[in-house]
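Student: UniProt numbering numbers the first residue of the sequence shown as 1 and each following residue consecutively. All residues carry an ideal CB built from backbone N, CA and C; glycine is no exception.
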Amino acid sequence: MYSMKSRVRYSETDSGQKMTFQALTNYLQDCCIFQSEDLGIGVDYLKEHAQAWFLASWQIVVERLPVLGEKITVKTWPYNFKGFYGYRNFTIEDAEGKICAYADSQWIFMDLKRERPARISDKMLEEYQMEEPFKMDYADRKIKLPEKMQEKESFQIRPEQIDTNHHVNNEQYIAMAKNYLPENFNIHKMRAEYRKAAVLGDKVFPFVYADDKMYLVSLADEEQKPYAIVEFEQ
1 MYSMKSRVRY SETDSGQKMT FQALTNYLQD CCIFQSEDLG IGVDYLKEHA QAWFLASWQI
61 VVERLPVLGE KITVKTWPYN FKGFYGYRNF TIEDAEGKIC AYADSQWIFM DLKRERPARI
121 SDKMLEEYQM EEPFKMDYAD RKIKLPEKMQ EKESFQIRPE QIDTNHHVNN EQYIAMAKNY
181 LPENFNIHKM RAEYRKAAVL GDKVFPFVYA DDKMYLVSLA DEEQKPYAIV EFEQ
């Protein structure tokens, strides 16, 4: 298991001094990036070997949001490799070891030369230490779209949304989708399914569905094929 300690910064909080959902998601992403860097199989290694890990899905459950100045520990560990898929859990704990949030994620190992998924390399299998999966209710990775959704105004991808893989970072899709939530919507559960990568200059066409339990946002191309689908529950 890999862990990193931090303290909730002012820049990571909202008007109520609680950690934003965007900051929470970034902590999870940063934690697994730092593990890879410390193992010597991080961004530069992957670039040199024309490989990449692409996120296929998130499932995040928030028990409570840490607050300004609070000390936290973020933990992550892989629990399964299967073909070209990797599975990874996360937790965020407070100073007393109580869980504030936990998550599951599914990743696809990519051969960038062939531009397609590849069997996970021996190097990855050697370096990552497997742990038992976190005890949680695991949701389906696939998110089904309802037949009728409300179309919103389209927008273009900006340079600051692009990451080292030269496409939109996974957290940015969640931030885009969150813009369609009503004020004071407290996120308890979030699922995100990533279907294809948007790049700089692409146009995004949002479609929104809501009921008394959840909001679902499809961020699609001009043919209404989703780049990502994000589901929020209170």
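(1) Can you give, in chain order, each stretch of the beta strand (DSSP E) that sits fully within the UniProt domain "Acyl-ACP thioesterase N-terminal hotdog" (2 to 128) and has at least 3 residues?
(2) Rounded to whole angstroms, what is the Cα-Cα separation between L55 and S6?
(3) On the DSSP bridge assignment, give the partners of E222 in chain order.
(4) Which residues bound the beta strand (DSSP E) around Q210?
(5) Between D111 and A50, which are expected to be in contact by the criterion C-beta below 8 angstroms, what is the C-beta distance as a whole number of angstroms?
(6) Tell me the residue span of the beta strand (DSSP E) that contains A192.
(7) Curious, which full-length alpha helix (DSSP H) runs of at least 4 residues does the region 129 to 179 contain?
(8) Once DSSP output is grouped into helix, strand and coil, what is the label at F232?
(9) How big is the Cα-Cα spacing for Y27 and Y209?
(10) Touching or not, the region 130 to 141 and the region 170 to 181, by the rule of three or more beta carbon pairs under 8 angstroms?
(11) If I157 and V217 are in contact, beta carbons under 8 angstroms, what's the gap, nearest whole angstrom?
(12) Are the CB atoms of H188 and V62 within a distance shorter than 9 angstroms?
(13) Look at the Cβ atom of D104, then the Cβ atom of F134, and state whether they are nearer than 9 angstroms.
(14) Between the alpha carbons of F232 and L39, how many angstroms are there, rounded?
(15) Return yes when the Cβ of A118 is within less than 9 angstroms of the Cβ of F84, no when it is not.
Tutor: If we stick to the structure as given:
(1) 2 to 7, 51 to 62, 71 to 82, 85 to 93 and 99 to 111
(2) Here residue 55 corresponds to residue number 55 of the sequence shown, with the count starting at 1. Here residue 6 corresponds to residue number 6 of the sequence shown, with the count starting at 1. Between L55 and S6, the C-alpha separation is close to 24 angstroms.
(3) Along the sequence shown, one-based indexing puts residue 222 at 222. BP columns for E222 are empty, so no partner.
(4) The residue you call residue 210 lines up with position 210 of the sequence shown. For the sequence presented, residue 210 should be read as Ala rather than Gln. Its beta strand (DSSP E) spans residues K203 to A210.
(5) In the sequence shown, residue 111 corresponds to position 111, counting from 1. In the sequence shown, residue 50 corresponds to position 50, counting from 1. Indeed they touch by this definition, with Cβ atoms about 7 angstroms apart.
(6) Looking up residue 192 in the sequence shown gives position 192. Here the beta strand (DSSP E) through A192 covers K189 to Y194.
(7) 170 to 178
(8) Counting from 1 along the sequence shown, the entry for residue 232 is found at position 232. F232: strand per DSSP, three-state reduction.
(9) Taking the sequence shown and counting its residues from 1, the one referred to as residue 27 is at position 27. Taking the sequence shown and counting its residues from 1, the one referred to as residue 209 is at position 209. Going by the C-alpha atoms only, they are around 28 angstroms apart.
(10) no
(11) The residue given as residue 157 occupies position 157 in the sequence shown. The residue given as residue 217 occupies position 217 in the sequence shown. The Cβ separation is near 16 angstroms, so there is no contact.
(12) Here residue 62 is taken as the residue at index 62 of the sequence shown, counted from 1. Here residue 188 is taken as the residue at index 188 of the sequence shown, counted from 1. Yes, they are a contact pair.
(13) Position 104 of the sequence shown, counted from the start, is the residue given in the question as residue 104. Position 134 of the sequence shown, counted from the start, is the residue given in the question as residue 134. Against a cut-off of 9 angstroms, the Cβ pair of F134 and D104 comes out as a contact.
(14) Here residue 232 is taken as the residue at index 232 of the sequence shown, counted from 1. Here residue 39 is taken as the residue at index 39 of the sequence shown, counted from 1. Approximately 34 angstroms between the Cα atoms of the pair.
(15) Along the sequence shown, one-based indexing puts residue 84 at 84. Along the sequence shown, one-based indexing puts residue 118 at 118. Contact: yes.
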